[in-house]
Amino acid sequence: MFKIVKKEELTADVYLIELEAPDIARKAQPGQFIVLRIGERGERIPLTIADFDRAKGTISILFLVVGKSTRWLSDLRAGDHLVDVSGPLGKPSEIERVGTVLCAGGGVGIGAIHPIARAFREAGNRVIVVMGFRSKDLIVFEDEMRAVCDEFHICTDDGSRGFKGFVAQLVDKILKEDEVDLVYAIGPTMMMRTVCDTTRPHRIKTVVSLNPVMVDGTGMCGSCRVSVGGKTKFCCVDGPEFDGQQVDFDLLMARQKIYLEEEKLSMERYEAKGEGRRAKSERRVKDEKRKAEGECRKVKS
Amino acid sequence: MEKSKKAMVLKRVQMPERAPGVRVTNFNEVALGYSPERAIQEASRCLQCKDSPCRRGCPVEVDIPAFVKCIKEGDFTGAIREIKKKNFLPAICGRVCPQENQCERFCVLGKKRDPLTIGGLERFAADHGRDKNPLDEPSKPKPTVKRVAVVGSGPAGLTVAGDLARVGHEVTLFEGLHKPGGVLVYGIPEFRLPKEIVEFEVDYVRQLGVEIKTNAVIGKLFTIDELFKRGYHAIFIGVGAGLPLFMGIPGENLDGVYSANEFLTRANLMKSYLFPEYDTPIKRGGRVAVVGGGNVAVDAARVALRLGADEVYLVYRRGEAEMPARAEEIRHAKEEGIIFEVLTLPVRLLGKNGWVCGMECVRVELGEPDESGRRRPIPIKGSEFALDVDVVVVAIGTRANPLLPSTTPGLELNERGYIVADEETGRTSREGVFAGGDIVTGAATVISAMGAGRKAARAIDEYLKK
Ligand SMILES: Cc1cc2nc3c(=O)[nH]c(=O)nc-3n(C[C@H](O)[C@H](O)[C@H](O)COP(=O)(O)OP(=O)(O)OC[C@H]3O[C@@H](n4cnc5c(N)ncnc54)[C@H](O)[C@@H]3O)c2cc1C
Ligand SMILES: Cc1cc2nc3c(=O)[nH]c(=O)nc-3n(C[C@H](O)[C@H](O)[C@H](O)COP(=O)(O)OP(=O)(O)OC[C@H]3O[C@@H](n4cnc5c(N)ncnc54)[C@H](O)[C@@H]3O)c2cc1C
Ligand code: SF4
Ligand code: FES
Chain S
91 MFKIVKKEEL TADVYLIELE APDIARKAQP GQFIVLRIGE RGERIPLTIA
141 DFDRAKGTIS ILFLVVGKST RWLSDLRAGD HLVDVSGPLG KPSEIERVGT
191 VLCAGGGVGI GAIHPIARAF REAGNRVIVV MGFRSKDLIV FEDEMRAVCD
241 EFHICTDDGS RGFKGFVAQL VDKILKEDEV DLVYAIGPTM MMRTVCDTTR
291 PHRIKTVVSL NPVMVDGTGM CGSCRVSVGG KTKFCCVDGP EFDGQQVDFD
341 LLMARQKIYL EEEKLSMERY EAKGEGRRAK SERRVKDEKR KAEGECRKVK
391 S
Chain E
54 MEKSKKAMVL KRVQMPERAP GVRVTNFNEV ALGYSPERAI QEASRCLQCK
104 DSPCRRGCPV EVDIPAFVKC IKEGDFTGAI REIKKKNFLP AICGRVCPQE
154 NQCERFCVLG KKRDPLTIGG LERFAADHGR DKNPLDEPSK PKPTVKRVAV
204 VGSGPAGLTV AGDLARVGHE VTLFEGLHKP GGVLVYGIPE FRLPKEIVEF
254 EVDYVRQLGV EIKTNAVIGK LFTIDELFKR GYHAIFIGVG AGLPLFMGIP
304 GENLDGVYSA NEFLTRANLM KSYLFPEYDT PIKRGGRVAV VGGGNVAVDA
354 ARVALRLGAD EVYLVYRRGE AEMPARAEEI RHAKEEGIIF EVLTLPVRLL
404 GKNGWVCGME CVRVELGEPD ESGRRRPIPI KGSEFALDVD VVVVAIGTRA
454 NPLLPSTTPG LELNERGYIV ADEETGRTSR EGVFAGGDIV TGAATVISAM
504 GAGRKAARAI DEYLKK
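Residue numbers (my numbering), protein chains in the order written: chain S, 91 to 391; chain E, 54 to 519.
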């Protein structure tokens, strides 16, 4: 059993959970993830390790509610336990001294990019951070990210904060003005894809972190197959980071849709049934409060 | 009188089974086991041969005539005690061992007609021990203050852990998944091996004093070297052959194409046949093609059927006679209506909007034997045809998962990535590191993994005494 020591709602439907997992915290490296199961009937879901505190023996995850499992996770509180947490899985990021590294994060990809940016900075690189969100109300982790970079940029789709436009557009602008040796882009699949399209003509290596559907996370099932440079790879063990310019994003996006129908059914049942009901009414109260304060916006990335 | 007695000796007492029409609608166990009367009747057929040839066929040397005699005399507890001396997991072996190639193959009765149903009797004794008469508390041996880490909780790991705990070593069993049991929990389906039986056997190993740590992927959470640093004196690696192979044909990454490992893991370990009560989804219904001819392929086909498939094809590139699956399972699959497409080779998967919709195949004929000694399939020109399918399950075998070996410097592997270990002791190229089961031999059987575990346990005990 793994205890939740802290739970925080960062913005609508984005949560940060800190978990007691001393063995994982001791071994975790930037770029790695965990697979967790909330309860006995739960599925195994992968989430990136957004932070780890080796002394305290905890790891943090940052997630967006998109379906039943993430909704259920968001309904837990500090003091609750998860039945299973396995990790650290996947290959760590290859942190080297290369010069200038641009770390672009969109949405909950910010969780994954944070320890990577920090590690590149600690390795002596100049780190430029680009964060992108739909709008200013959805900004998370800003202070944390500012603390680990030399240069900070932010953009919003609606222009309510910083550069108006998508991450890829802001990255393009920076690349035209600055010397960058390596780009890291982590976020929604569409964002990673457009960043890769942007960096390709600049011939800058662009690393992305892929998120196909997984089961075991140890190379045993092949659910997570992705195609990189025309070769099939198992994302959980060969990745999750790959050279983005070689990734077949069409395939990735198709494979993320395998269980759309079932996911919808799961979510509807959860929301309709008793287990989620109390939490749901609490959420409604909170949502209304937020609406009253004029800051509510439903996210769906 | 004389004549009927003889007939009784020659013919097997059949074990009752659920009717095919009923069993394809659920995941309940197919074979139902002997009643005490029937078990005694079957046991009475045993000739109690002095040289007991059957024992030669048993990889762990169970004293077969001795336990059969107990059953015959109605001493069912005596029977299970006798078996447990040699075999840790009798309820499992009684169900899934290929007895027709092992003990039963050597049985004298088989020369005339039906060999003794040794597996059925083993199962009976084990089930009786479980239901009626919980086994005696294992006696607590004197602790040896030596610590052993066992990696992987399949039959090999469970056997090593149990054997070493019995002689007083402190054993920790590390398992990467959230449930112990290896293939027994994630691979072999409920209707062939109910999971509560695996849980019972795993509990027995726990009662012996073994500490089981799940969610511990060795190579990631700890490396082998880190385990030594944490104070383990010896390590056994029994991580199985868990890396699924794909065919390497176009279209294999389409939605709806699964490895057998994924399909079975979703169904068995994650219980997706109970979706949405359980959260893990799986594709149900439609037309399903399973590629392969081993136990794994047959299991996947029968699972697909129970998930509500309209039609299930078993596509195998050699003939039915060459199928490595157990005869009993092939029979069960046929009774249940699985369509056998043998001498058939898939060449391409066709897709529509990202989903698999067809499997292009070619018929083959068998030519000269290949390096495995089996006749090589040769495509017949102009025999191409396509199957309409909604789901494809690839069950053409597995390889060693490099995750652990690649993080263990100095561990010698063979050219296919399996760990090189001494057959008699499980000793590897690394001091204090032993290995056994599928990670050494490649995909084999439950009992051979247990056999390797037993030998390694003996060698580890010797090693720790030094
Ligand atoms: C290596 C890895 C790291 C990840 N890290 C994070 C993280 O740090 N934070 C985070 O919020 N999410 C992360 N994800 C995605 C996360 O695993 C999924 O959002 C989660 O499994 C959804 O479960 P659910 O039951 O809530 O939603 P579901 O009901 O399973 O899905 C609901 C919706 O989300 C989409 N979806 C499902 N799975 C994924 C997926 N793997 N990627 C993208 N969309 C998906 C579905 O298409 C569907 O539209 C990561 C995925 C991987 C593979
Ligand atoms: C579907 C199917 C049906 C089968 N049917 C039969 C049958 O009817 N009869 C028969 O005799 N045999 C059958 N077999 C074969 C038999 O199950 C295997 O030969 C046997 O289980 C091998 O045992 P093992 O202990 O070597 O490994 P496994 O049973 O494979 O167990 C290995 C364990 O190690 C764990 N592991 C792997 N890597 C790590 C790591 N790095 N850290 C921690 N843990 C790790 C795995 O999660 C797994 O739990 C079948 C196999 C399958 C897949
Ligand atoms: S060979 Fe057959 S008849 Fe003879 S002892 Fe063994 S089981 Fe009994
Ligand atoms: S998630 Fe199973 S192999 Fe990657």
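Where is the CB? At the ideal position from N, CA and C, for every residue including glycine.
Looking at the unbroken alpha helix (DSSP H) that takes in His204/S, where does it start and where does it end? Annotation for His204/S: the continuous alpha helix (DSSP H) segment containing it runs Gly199 to Glu212.
Using a Cβ-Cβ cut-off of 6 Å (strictly less than) and excluding sequence neighbours within five positions of Val327/S, which residues of its own chain qualify? Excluding positions up to five away in sequence, the list reads Gly309.
Within 7 Å (strictly less), CB to CB, does Ser312/E reach chain S? With its beta carbon less than 7 Å from one in chain S, Ser312/E belongs to the interface.
Where do the N-terminal and C-terminal ends of the alpha helix (DSSP H) with Val444/E fall, by residue? Here Val444/E belongs to no alpha helix (DSSP H); instead the beta strand (DSSP E) covers Val444 to Val447.
Can you list the residues near ligand 4, meaning Cβ strictly closer than 7 Å to any non-hydrogen atom, in the order they appear in the chain? With the criterion CB distance below 7 Å from any heavy atom of ligand 4, the matching residues run Met304/S, Val305/S, Asp306/S, Gly307/S, Thr308/S, Gly309/S, Met310/S, Cys311/S, Gly312/S, Ser313/S, Cys314/S, Phe324/S, Cys325/S, Cys326/S, Val327/S and Glu315/E along the chain.
Can His222/E and Thr197/E be called in contact, C-beta distance under 7 Å? Going by C-beta atoms, His222/E is nearer than 7 Å to Thr197/E.
Complete beta strand (DSSP E) runs within the region 92-136 of chain S (minimum length 3 residues, chain order): Listed in chain order, the complete beta strand (DSSP E) runs (minimum 3 residues) inside the region 92-136 of chain S are 92-101, 104-110 and 123-127.
For Phe153/S, the first and last residue of its enclosing beta strand (DSSP E): Where Phe153/S is concerned, the enclosing beta strand (DSSP E) stretches over Thr148 to Leu154.
Counting only Cβ pairs nearer than 7 Å, list the residues of chain E close to Asp84/S. Not covered by the structure: residue 84/S. The range shown for chain S is 91 to 391.
C-alpha distance - Asn186/E paired with Leu246/E, whole-angstrom precision: Residue placement at Asn186/E cannot be trusted, given a pLDDT of 46 that sits under 50; the coordinates are not used to answer.
Chain E contacts from the region 125-136 of chain S (Cβ-Cβ distance under 8 Å): Correct list: Arg127, Arg131, Gly132, Glu133 and Arg134.
Consider the Cβ of Gly304/E: report whether some Cβ of chain S lies at a distance smaller than 7 Å. Residue-level contact by beta carbon fails for Gly304/E and chain S, as no gap is shorter than 7 Å.
Ignoring anything shorter than 4 residues or poking outside the region 143-222 of chain E, list the alpha helix (DSSP H) runs there in chain order. Scanning the region 143-222 of chain E for uninterrupted alpha helix (DSSP H) segments of 4 residues or longer gives 143-149, 156-159, 162-165, 171-184 and 208-219, listed from N- to C-terminal end.
Quick one, which of Ser325/E, Ala512/E and Val417/E has its alpha-carbon nearest Asn79/E's? If you compare the alpha carbons of Ser325/E, Ala512/E and Val417/E with that of Asn79/E, the shortest gap goes to Ser325/E.
Close Cβ partners of Lys405/E (< 6 Å) along its chain, the five nearest in sequence each way excluded: The beta carbon of Lys405/E sits closer than 6 Å to none of the beta carbons in its chain outside the five residues before and after it.
Reference Leu152/S; option with closest CA among Ser313/S, Arg236/S, Glu267/S and Asp103/S: The residue with the shortest Cα to Cα distance from Leu152/S is Asp103/S.
Within the continuous alpha helix (DSSP H) that includes Asp491/E, where are the two ends? Start and end: Asp491 to Thr494.
Could you tell me the boundaries of the beta strand (DSSP E) in which Met412/E lies? Here the beta strand (DSSP E) through Met412/E covers Trp408 to Pro422.
Closest by CA to Gly131/E, which one among Ala119/E, Lys139/E, Leu142/E and Phe141/E? A check of alpha carbon separations from Gly131/E across Ala119/E, Lys139/E, Leu142/E and Phe141/E identifies Ala119/E as the nearest.
Pro334/E vs Tyr349/S beta-carbon contact at 7 Å: With contacts defined as CB atoms closer than 7 Å, Pro334/E and Tyr349/S qualify as a contacting pair.
Is any heavy atom in ligand 3 found nearer than 6 Å to the beta carbon of Val161/E? Val161/E: yes, Cβ under 6 Å from ligand 3.
Does Met393/S come within less than 7 Å of chain E when only Cβ atoms are used? The requested residue 393/S does not occur in the structure, where chain S is confined to residues 91 to 391.
Burial state of Gly169/S, where buried means 16 or more other Cβ atoms lie within 10 Å: Of the residues assessed, Gly169/S falls on the exposed side of the cut-off, its CB having fewer than 16 other CB atoms within 10 angstroms.
Along the region 294-307 of chain S, where does the CB come closer than 9 Å to a CB of chain E? Name the residues. Taking 9 Å as the Cβ-Cβ cut-off against chain E, the residues of the region 294-307 of chain S that qualify are Val305, Asp306 and Gly307.
For Val121/E and Leu174/E, believed in contact at Cβ under 8 Å, the rounded distance: Right, their Cβ atoms sit about 6 Å apart.
I'd like to know if Asp352/E contacts chain S, where contact means its C-beta is closer than 7 Å to some C-beta of that chain. With 7 Å as the cut-off, Asp352/E does not count as an interface residue toward chain S.
To the nearest angstrom, report how far apart Gly307/S and Val298/S are at their CA atoms. Inter-residue distance for Gly307/S and Val298/S is about 18 Å (C-alpha atoms, whole angstroms).
Kindly indicate which three-state DSSP category Tyr274/S falls into: helix, strand or coil? In this structure, Tyr274/S counts as strand in the three-state DSSP scheme.
Three-way DSSP call (helix, strand, coil) for Val191/S in this model: Strand, per DSSP.
Could you check whether the Cβ of Thr498/E sits closer than 6 Å to any heavy atom belonging to ligand 2? Thr498/E has its Cβ nearer than 6 Å to a heavy atom of ligand 2.
The region 218-233 of chain E: which residues have C-beta closer than 7 Å to a C-beta of chain S, in chain order? Taking 7 Å as the Cβ-Cβ cut-off against chain S, the residues of the region 218-233 of chain E that qualify are Gly229, Leu230 and His231.
Looking at C-alpha atoms only, which residue of Asn454/E, Glu421/E and Glu364/E is the closest neighbour of Val77/E? Of the listed residues, the one whose Cα sits closest to Val77/E is Glu364/E.
Closer than 6 Å: is that where the CB of Leu154/S sits relative to any heavy atom of ligand 1? Indeed, a heavy atom of ligand 1 lies less than 6 Å from the Cβ.
Backbone CA spacing between Ala269/E and Gly485/E [nearest angstrom]: Distance between the alpha carbons of Ala269/E and Gly485/E is about 20 Å.
Rounded C-beta distance between Gln346/S and Val285/S? I'm assuming under 8 Å. About 18 Å; that fails the 8 Å criterion.
Considering Cα atoms alone, identify which of Val351/E, Ile391/E, Val220/E and Thr170/E is closest to Ile513/E. Checking every option, the nearest Cα to that of Ile513/E belongs to Val220/E.
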